[in-house]
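Heads up, the thing below is written out as structure tokens.
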Amino acid sequence: MADELVFYTNPQSRGRIARWMLEETGADYRTEVIDYAARMKSAEYLAINPMGKVPAIVHAGKVVTEGAAICAYLAEAFPEAGLAPRPDERADYYRWLFFAAGPVEQAVTNNFAKFDPSPEQARSFGYGTYATTVDVLEQAVSAHDYIAGDRFTAADVYVGSAVGWGVLFGTLPRRDAFTAYFERLSGREAYRRAAAKDDALVEEKTPA
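Numbering (my numbering), first residue to last: 13 to 220.
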């Protein structure tokens, strides 16, 4: 089909972000599970994503990779779901979506790797310091019930995933603002449906 939507993922990856977003849209899609051992680096998959990473989607013949880009793309591709920002939400929507994809991702991964930039290095880094980034993220999720205002948008899928995973795995501190924000999001039907689908895939691949 010309408008076919194919989702490439692994249930133990950031593909869970895209799965949640897909479930929020209500769109029909086909799932292709990509294993780490062989297929993720195969010529077939590298033709879709040369980075050899998941998630990726192909919609109407066009490839989209990167979790934040997939969230933003799907919000626009399926406007009937109401996940794209309204005019008054655009500033916060784009600001915090890309803050999570850039400074938060960099700060968390560097901190996990035990890399603590010197003051001189911090001036050159997009996130500055881990402590500052965490404090700013806390302020962002505390300002409103949702990241762009008083309603859920696609930006909450990405920011919420970063917060939820960060608290779960200890790469973010367990602050009240983070747990309260993620509790609001994880109660959504689409989130639960997406998690159930990925959890079932994990169970299928786990030896008895």
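Ideal Cβ placement from N, Cα and C applies to all residues, glycine included. Here the structure is a predicted model, which is why all the values come from computation and not from measurement.
Cutoff 7 Å; reference Phe194; Cβ partners in own chain excluding five residues on either side: Gly172, Val175, Gly176 and Val179
Thr183 in three-state terms, based on DSSP: coil
For Glu92, the nearest candidate out of Ala134, Leu58, Ala166 and Gly199 (CA to CA): When each option's Cα is compared against that of Glu92, the closest is Ala166.
For Thr21 and Glu215, the rounded distance between their alpha carbons: 15 Å
Distance, Glu88 Cα to Asp210 Cα: So the two alpha carbons sit approximately 24 Å from each other.
Secondary structure of Gly161, DSSP reduced to three states: strand
Simplified DSSP state of Val146, which is helix, strand or coil: helix
For Arg196, the nearest candidate out of Val153, Leu149, Pro23 and Tyr139 (CA to CA): Comparing C-alpha distances from Arg196 to each of Val153, Leu149, Pro23 and Tyr139 shows the shortest one belongs to Val153.
Extent of the continuous beta strand (DSSP E) run through Lys217: First-last for Lys217: Glu201 to Lys217, but that is the alpha helix (DSSP H), not the beta strand (DSSP E).
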